[in-house]
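Residue numbers (my numbering): 286 to 427.
As structure tokens, this is what we get:
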């Protein structure tokens, strides 16, 4: 009676570290700038996350920014929310005044990670770049 439950618990315990090792580490790629993302497994499904973007300065200008915090991830991905420091409650929410910076993270079958800025992140980077892109895992960085 207890054997199936113990077997399921044991299997879940074995899968958690593999999932963590598979996704944690350094990710890099292009999109709305040159994007880097670092994931560090903290516990269970919680990861420390740092996302940075840069468009090198040229005659047309440049752009850079970053944001970090903690995110809950499944094997498919998750959504990262950061309270927007530039939010003004007196003005109400609008495309230029959103309470949260939200970035969707999707782990793809081909091993890449898609980051898709959902909005509210302009405060954390300039107008010429963003956090959306397709990233590859730097397996050597583990």
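Built from N, CA and C at the ideal position, the CB exists for glycine as well. Just so you know, these numbers come straight off a predicted model, no measurement behind them.
Are residue 379 and residue 402 closer than 7 angstroms when you measure CB to CB?
Going by beta carbons, residue 379 and residue 402 fall outside the 7 angstroms limit.
Nearest-angstrom Cα separation, counted from residue 400 out to residue 299:
Low per-residue confidence applies at residue 299: pLDDT is 41, beneath 50, and the placement is therefore not dependable enough to give any value.
Beta-carbon contacts of residue 316 that lie in its chain and below 6 angstroms, excluding the five residues immediately before and after:
The answer, listed in chain order, is 417, 418.
Among residues of its own chain, excluding the 5 on either side of residue 356, which ones have a beta-carbon nearer than 6 angstroms to its beta-carbon?
Exclusion of the five residues before and after residue 356 leaves 332, 334, 363, 365 as the residues of its chain whose Cβ lies within less than 6 angstroms of its Cβ.
Taking the alpha-carbon positions, what's the residue 330 to residue 389 distance?
Looking at the backbone, the Cα of residue 330 and that of residue 389 are separated by about 16 angstroms.
Shortest alpha-carbon distance to residue 371 belongs to which of 384, 361, 322?
The shortest C-alpha separation from residue 371 is found at 384.
Which of the three DSSP states is assigned to residue 409 in this structure?
Three-state result, residue 409: helix.
Residues in its own chain within less than 7 angstroms of residue 359 by CB, not counting five upstream and five downstream?
Once the five neighbours on either side are set aside, the close Cβ partners of residue 359 are 330.
For residue 338, count neighbouring Cβ atoms within 10 angstroms of its own Cβ and tell me buried if that reaches 16, exposed if not.
Around the beta carbon of residue 338, a 10 Å sphere encloses 16 or more other beta carbons of the protein chains shown; the residue is thus reported as buried.
Using the Cα positions of residue 415 and residue 324, report the straight-line distance between them to the nearest angstrom.
A straight-line Cα-Cα distance of about 18 angstroms links residue 415 and residue 324.
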